[in-house]
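K.L.:
There's a structure below that I have some questions on.
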């Protein structure tokens, strides 16, 4: 996507250059007919003008408010290289980047957007501790999903009274994928779970059962059937920056990011003088 935008920037500069020249001049001549600069300019502008101009404006207002150092860009680049290993060059080419400088431009823009998204987002020590659990433990769990809190509490009381988890899962759970397997979810990946569920599951001790946990699916009763600490884990203090970033990411979604960008554009007093593009931000401001 970013590569496409870089390509569009090149086209936009070409459009500007064409607009400054005599637009009736032919850039293609043939027996089938000629193509003027005016025709070429219009097609490029119609196809790429809005997306490209929006990208340019966002980058301009972000750079005016936030700073991204070369050191930060290099650090992100190193993460990508470490993750991809020998596949880095191939992956970069497949993604459409011409070279590392091209990729660095994309990384810088992403970091600018991240700083805008994270601006004003508060993170508590408790949230960091919860995230630390997710990063340093492996948890295998099962659950019983029900529609309302009242039913969840009834199920919990039955569990406390000695009834079997797998029997109650089969009887009460609305999760058709797991109810006949005793509610078994296997080993949990916190990145694939709603945060409320992940927080509750990863703070359980082995065989411990949670209180009812509300998610968009309903109410869950969770039991951790196996809990292990990962090997060679870093200390909480060593991971604090990484934990902070992950918690902030969990709090920010694309809608909030768009709201932030729209506000920055509004605060910057952006005015588009091109009559065909002047309404680009009207519906967003």
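Numbering (UniProt numbering), first residue to last: 1 to 285. All C-beta atoms, glycine included, are put in the ideal place defined by N, C-alpha and C. These numbers were taken from a predicted model, which means no experiment stands behind them.
Which residue comes first and which comes last in the alpha helix (DSSP H) that contains residue 90?
P.N.:
Looking at the DSSP string, the run of the alpha helix (DSSP H) that includes residue 90 is 88-94.
K.L.:
Look at the alpha carbon of residue 205 and the alpha carbon of residue 69, and state the distance between them as a whole number of angstroms.
P.N.:
Those two C-alpha atoms are separated by around 42 Å.
K.L.:
Whose CA, out of 109, 91, 133, 30, lies closest to the CA of residue 233?
P.N.:
For the residues 109, 91, 133, 30, the minimum Cα distance to residue 233 belongs to 133.
K.L.:
For residue 78 and residue 113, I'd like the C-alpha separation in whole angstroms.
P.N.:
Going by the C-alpha atoms only, they are around 19 Å apart.
K.L.:
Would you kindly check if the distance between the Cβ of residue 226 and the Cβ of residue 286 is under 7 Å?
P.N.:
What the structure shows of the chain is the stretch from 1 to 285, and residue 286 is not part of that stretch, so it cannot be assessed.
K.L.:
Taking its Cβ as the centre, do 16 or more other Cβ atoms sit within 10 Å of residue 49, making it buried, or is it exposed?
P.N.:
Residue 49 should be labelled buried.
K.L.:
Could you spell out where the beta strand (DSSP E) holding residue 145 opens and where it closes?
P.N.:
First-last of the beta strand (DSSP E) with residue 145: 137-146.
K.L.:
By the 10 Å Cβ neighbour count, where 16 or more other Cβ atoms means buried, how is residue 353 classified, buried or exposed?
P.N.:
The shown model of the chain, from 1 to 285, leaves out residue 353, and the question about it has no answer.
K.L.:
Helix, strand or coil for residue 32? Go by DSSP, reduced to three states.
P.N.:
Looking at residue 32 - three-state DSSP - the assignment turns out to be coil, as it is neither helix nor strand.
K.L.:
Using the C-alpha atoms, what's the distance from residue 193 back to residue 161?
P.N.:
Roughly 29 Å separates the two Cα atoms.
K.L.:
So, helix, strand or coil for residue 11, using DSSP?
P.N.:
Its pLDDT being 45, under 50, residue 11 is placed unreliably by the model, and nothing is read from it.
K.L.:
Between the Cα of residue 116 and those of 272, 278, 281, 248, spot the shortest distance and give me the residue it belongs to.
P.N.:
Closest option to residue 116, Cα to Cα, is 248.
K.L.:
Taking all protein chains shown into account, do 16 or more other C-beta atoms lie within 10 angstroms of the C-beta of residue 169, making it buried, or fewer, making it exposed?
P.N.:
Buried, by the Cβ-count rule.
K.L.:
Please report the straight-line C-alpha distance between residue 63 and residue 252, rounded to a whole angstrom.
P.N.:
So the alpha carbons of these two residues sit roughly 20 Å apart.
K.L.:
With DSSP as the reference, label residue 185 as helix, strand or coil.
P.N.:
In this structure, residue 185 counts as strand in the three-state DSSP scheme.
K.L.:
Taking the C-alpha atoms as reference points, what is the distance between residue 127 and residue 75?
P.N.:
Approximately 25 Å, taken between the alpha carbons.
K.L.:
Report the start-end ranges of each alpha helix (DSSP H) in the stretch 40-122 that is 4 residues or longer and not cut off at the edges.
P.N.:
Segments of the alpha helix (DSSP H) lying fully in the stretch 40-122: 70-84, 88-94, 100-118.
K.L.:
What does DSSP give as the partner residues of residue 226 in its beta bridges?
P.N.:
BP columns for residue 226 point to 140.
K.L.:
Considering just the uninterrupted stretch of the beta strand (DSSP E) at residue 215, what are its terminal residues?
P.N.:
Segment 213-215, the beta strand (DSSP E) holding residue 215.
K.L.:
Starting from the Cα of residue 129, find the closest Cα among 167, 197, 202 and give me that residue.
P.N.:
The candidate whose alpha carbon is nearest that of residue 129 is 202.
K.L.:
Would you call the stretch 268-282 and the stretch 147-154 touching, i.e. three or more CB-CB distances under 8 Å?
P.N.:
In short, these stretches do not touch, since the Cβ pair count stays below three.
K.L.:
Looking only at C-alpha atoms, which of 44, 137, 144 sits nearest to residue 353?
P.N.:
Residue 353 is absent from the structure shown; the chain starts at 1 and stops at 285.
K.L.:
Would you decide whether residue 269 is buried or exposed? Buried here means 16 or more other CB atoms lie within 10 Å of its CB.
P.N.:
So residue 269 ends up on the exposed side.
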